Ligand SMILES: Nc1ncnc2c1ncn2[C@@H]1O[C@H](COP(=O)(O)OP(=O)(O)OP(=O)(O)O)[C@@H](O)[C@H]1O
Ligand SMILES: [Mg+2]
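Chains as they are written, first to last, in my numbering: chain A, 1 to 296; chain B, 297 to 602.
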C-alpha cells in the first residue's frame, strides 16, 4: 500500500513537472476557447434568440447564462478526457526513456505499477479539471449565474465521473503504446478529435443522421450529455419560467442535452448507469490485461 | 565459497539476432567481474536478464542462491543496477528520485532519511540534492545513479559502463566510490566497460562476442594467453637488432620487439647478452588482450613510440 501511494505521488509529480505533457492536454480547451471567441458564441446566441416565440425577449443575463453554459459544459466534458489521456502518457513515457526498467528492478509487482499509473492520472486530471471548474464558475458568476448549490455539486460529481472515464479509457489505449511517435500521434488525435465526437465544437444535432446514430452507441456521448445537463440546469430553470415547455424541450434536443435513443428519451439515471458500467468494465479489462499481457 | 551469481546456459534472441548465446559463468562473493565485449556483443542484454527487466529464452539465473524467476522479490532486493543510460526521472530532484525509488524497496520515513544522510556523505550530494536530475552534469548524474543503485544496500552491484563519457578526473572519483563499496561493504561487482585499464582491478574477466563467451580468466591469465610481451632495447644500432631475426620497430632511442611469452623472452635475452645492455620488458596490455581475443586487429592505432 505504501508503495502504491509513493509511486502515485512520484507519477503525479513527474506529470506536473513535465511541461510538455501538461501543455498538450490543454490543446482542446484552447481550441474551444478560440472557437467560442471567434464565432461559436454568436451561433449559440442566435440559436437561443431565434428559438423564442414572438413577443418574448431574453434578458441579457439569461442569454449570457445559456451561452456561457454551453461553453463551460463543452470545455469541462472535453478536458476531463483529454487531460486524462495526456497525464496517462506518463506510462508510455516511462517506457520510452526506459525509466520503467528502474521501477521493474525493484521488488514491486505489476499490479502496483498499473494501479499507481491509474491513480496518478486520476488525481492529476481531477486537480486540473477542478481548477478549470473554478475558473469556469468565476466566469459564469461575472454575469449569467442561475445555479444553486445542488447544480454545482452535480457538476463536480460529473467532473469526477468523466475524469474516471477518461482515465480508464486512456489507461487501456496508452498501455498499447511504447514510442515517442505514438505518444505524439495519439495525444494529438485525441486532443483535437475528441471535441468533435463529443459534440463540443458543434452540437451533434448538426451532424448527419448516420454519424449521430453511431455516436449514440458511444458512452462518451452520454458523459457529455450529463455534463451539459448539470451545467445548463440553472439557466433552463429560468427559461422555463418564461417560455412554454415544448420550446425548452426542442432546444434541449438541439443542444444534445436531451438524447433520443430509437425515439425514446434517455433518462439521466440511464446515462449515469451507462457511463458507470463502462468505467467498471474498462477498468477490469485494464487491470487484467496488464497482469496477463506479457509486456509491461 | 558463496556464489552470488550463477548463470547456466542462458540464451536470448531478438528475432534473428542471438544477443546472448548459451552463456554460463559464476561470480563469487566479494569478487569483481569485468564483462567485456565490443558494441552489441550482448553485455547489456545479459544484465537486463539478471535484473529481471528482460526474460531470457532459456537457461537459469540464480542470485544469492535463489532463482530470479521463482523468488524475484528476494533477488531484486540483493541486486543494485547502474544502467548504461541514466533512468532517473529527469524532471524530479535528486532527493525525490532517491526517495521514491527507496520506497519501492520498502524504505520510507525515518529509515529513508537515515539512509539518505549516509548516501549524501558518501556521494557528496549536499549541493545537488534539490537540483533536477536533467540539470546535472554527466559526472554528477553518474554519482546519483550509483547512489540510487545502492539505496537498498544490495550485495551485488551491476555497473553497465559506469564511466563512459566522463572526464579522467570524474572517472577516478567514480572508481574511488566503487573501490570503497567493495572494500567497506564487501560488495560483489559486475562491471562492463570499454576502458581496458579499468579491468586491472578485476578478479575475473569474461570477454563475449556475438553473445558467446570467447575468453575468460584472471587479467594475468588473459595477458599470458592473448597478449605478447614487449621488449624495448635502447642505444643499439639496427644491424644488431637484425641479428635477432625477429620483426622490430624503431622507437625513440632504440627498437621494440614483440615476443610470444616471457619464457621465450628470457631465452632470447640470455642468448644475446651482448645486444641486451639497456632494455625493458613489459607484459602486453589489456587493450591487446581485448583486440586479439575479439579478433579485431587494429594495429598501429595506438601510439607506438612509447
Ligand atoms: N530490445 C531489443 N530489440 C532488438 N534487438 C536488441 C534489443 N536489445 C538488444 N538488441 C540487440 O542485441 C544485441 C546485443 O545488444 P546489447 O545491448 O546487449 O549489446 P552491448 O554489449 O551492451 O553493447 P554496447 O557496448 O554498445 O552497450 C545487439 O545486436 C542489439 O542490437
Ligand atoms: Mg550495453
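Every residue, glycine too, gets a C-beta built ideally from N, C-alpha and C.
Predicted model, so just to flag it, every value in this text is computed and none were measured.
Given 8 Å, three or more beta-carbon pairs between the segment 125-143 of chain A and the segment 80-98 of chain A: yes
Just to confirm my understanding: we take residue 297 of chain B, look at its own chain, exclude 5 residues before and 5 after, and list those with CB closer than 7 Å. What are they? Indexing the second chain from 1 puts residue 297 of chain B at position 1. Correct list, in chain order: 324, 325.
Let me know the secondary structure DSSP gives residue 119 of chain A once reduced to three states. Within the first chain, the letter at position 119 stands for residue 119 of chain A. If DSSP states are grouped into helix, strand and coil, residue 119 of chain A belongs with the helices.
Indicate whether at least one CB of chain A lies closer than 8 Å to the CB of residue 372 of chain B. Counting from 1 along the second chain, the entry for residue 372 of chain B is found at position 76. Residue 372 of chain B counts as touching chain A.
Excluding the five sequence neighbours on either side, which residues of its own chain have a C-beta within less than 8 Å of the C-beta of residue 434 of chain B, listed in chain order? Residue numbering aside, residue 434 of chain B sits at position 138 when the second chain is read from its first letter. Within the same chain, residue 434 of chain B has close Cβ partners 461, 462, 466.
Can the beta-carbon of residue 604 of chain B be found less than 8 Å from the beta-carbon of residue 342 of chain B? With chain B represented from 297 up to 602, any question about residue 604 of chain B goes unanswered, as that position is not in the structure.
How about residue 430 of chain B and residue 389 of chain B: are their beta carbons less than 8 Å apart? Translated into positions along the second chain, residue 430 of chain B becomes position 134. Translated into positions along the second chain, residue 389 of chain B becomes position 93. No; because the gap between Cβ atoms is not below 8 Å, this pair is not in contact.
Report the residue from B:350, B:558, B:552 whose alpha carbon sits nearest the alpha carbon of residue 574 of chain B. Taking the second chain and counting its residues from 1, one reaches residue 574 of chain B at position 278. With distances taken between Cα atoms, residue 574 of chain B lies closest to B:552.
Stretch-stretch touch, CB-based, cutoff 8 Å, three pairs: the segment 242-256 of chain A with the segment 44-59 of chain A: yes
Could you tell me the alpha carbon to alpha carbon distance between residue 447 of chain B and residue 504 of chain B, rounded to whole angstroms? Numbered from 1 along the second chain, position 151 holds the residue referred to as residue 447 of chain B. Numbered from 1 along the second chain, position 208 holds the residue referred to as residue 504 of chain B. Going from the Cα of residue 447 of chain B to the Cα of residue 504 of chain B covers about 30 Å.
Classify residue 494 of chain B as buried or exposed, calling it buried when 16 or more other Cβ atoms lie within 10 Å of its own Cβ. In the second chain, counting from the first residue as 1, residue 494 of chain B sits at position 198. The residue is buried, with at least 16 neighbouring Cβ atoms inside 10 Å.
Would you list the one or two residues that DSSP bridges to residue 488 of chain B? Numbered from 1 along the second chain, position 192 holds the residue referred to as residue 488 of chain B. Residue 488 of chain B is bridged to B:456.
Leaving out the 5 sequence neighbours to the left and right, which residues in its chain are closer than 6 Å to residue 10 of chain A when beta-carbon positions are compared? Residue 10 of chain A sits at position 10 when you count from the first residue of the first chain. Excluding positions up to five away in sequence, the list is empty.
For residue 188 of chain A, I'd like the list of residues in its chain whose CB is within less than 6 Å of its CB, leaving aside the five on either flank, ordered along the chain. As a first step, residue 188 of chain A must be located in the first chain, where it is residue number 188. Taken in chain order, the list of residues that qualify is empty.
Pull up the distance between the alpha-carbon of residue 175 of chain A and that of residue 420 of chain B, whole angstroms please. Working through the first chain from its first residue, we reach residue 175 of chain A at position 175. Working through the second chain from its first residue, we reach residue 420 of chain B at position 124. Roughly 39 Å between the two C-alpha positions.
Taking residue 375 of chain B as the query, report the chain A residues whose CB atoms sit under 8 Å from its CB, ordered along the chain. On the second chain, position 79 is the one that residue 375 of chain B refers to. Here the neighbours are 105.
Would you call residue 303 of chain B buried or exposed, if buried means 16 or more other Cβ atoms sit within 10 Å of its Cβ? Start at 1 with the first residue of the second chain, and residue 303 of chain B comes out as number 7. Its Cβ being crowded by 16 or more others within 10 Å, residue 303 of chain B is buried.
So, under 8 Å CB-CB, residue 557 of chain B and residue 583 of chain B are touching, yes? Tell me the CB distance rounded to an integer number of Å. Taking the second chain and counting its residues from 1, one reaches residue 557 of chain B at position 261. Taking the second chain and counting its residues from 1, one reaches residue 583 of chain B at position 287. So it is not a contact: roughly 18 Å between Cβ atoms.
CA nearest to the CA of residue 135 of chain A, picked from A:108, A:23, A:218, A:33: Stepping through the first chain from its first residue, residue 135 of chain A is reached at position 135. The shortest C-alpha separation from residue 135 of chain A is found at A:33.
Taking its Cβ as the centre, do 16 or more other Cβ atoms sit within 10 Å of residue 392 of chain B, making it buried, or is it exposed? Translated into the one-based positions of the second chain, residue 392 of chain B becomes position 96. Classification of residue 392 of chain B: buried, given that the 10 Å Cβ count is 16 or more.
Starting from residue 582 of chain B, follow the alpha helix (DSSP H) in both directions and report where the run begins and ends. Residue 582 of chain B sits at position 286 when you count from the first residue of the second chain. Per DSSP, residue 582 of chain B belongs to the alpha helix (DSSP H) from 582-589.
Check whether the segment 83-96 of chain A and the segment 161-170 of chain A are in contact - that is, three or more C-beta pairs closer than 8 Å. yes
If the cut-off is 8 Å on Cβ atoms, which residues from the segment 10-33 of chain A count as contacting chain B, listed in chain order? 10, 13, 14, 17, 18
So the alpha helix (DSSP H) residue 189 of chain A belongs to, where does it begin and stop? Along the first chain, read from residue 1 onward, the residue named residue 189 of chain A stands at position 189. Counting along the chain, the alpha helix (DSSP H) containing residue 189 of chain A begins and ends at 180-197.
Going along chain B, which residues have a C-beta under 7 Å from residue 2 of chain A? As a working note, residue 2 of chain A is residue 2 in the first chain. Near residue 2 of chain A (Cβ distances below 7 Å), the residues of chain B are 399, 404.
Paired residues, beta bridge with residue 330 of chain B - DSSP: Walking along the second chain from the start, residue 330 of chain B turns up at place 34. B:487, B:501.
Give the secondary structure of residue 146 of chain A by DSSP, where H, G and I count as helix, E and B as strand, and everything else as coil. The residue given as residue 146 of chain A occupies position 146 in the first chain. In the structure shown, residue 146 of chain A sits in coil (DSSP, three-state: anything other than H, G, I, E or B).
Could you run through the segment 99-130 of chain A and flag, in chain order, every residue whose CB is less than 7 Å away from some CB of chain B? 99, 101, 102, 103, 104, 105, 106, 107, 108
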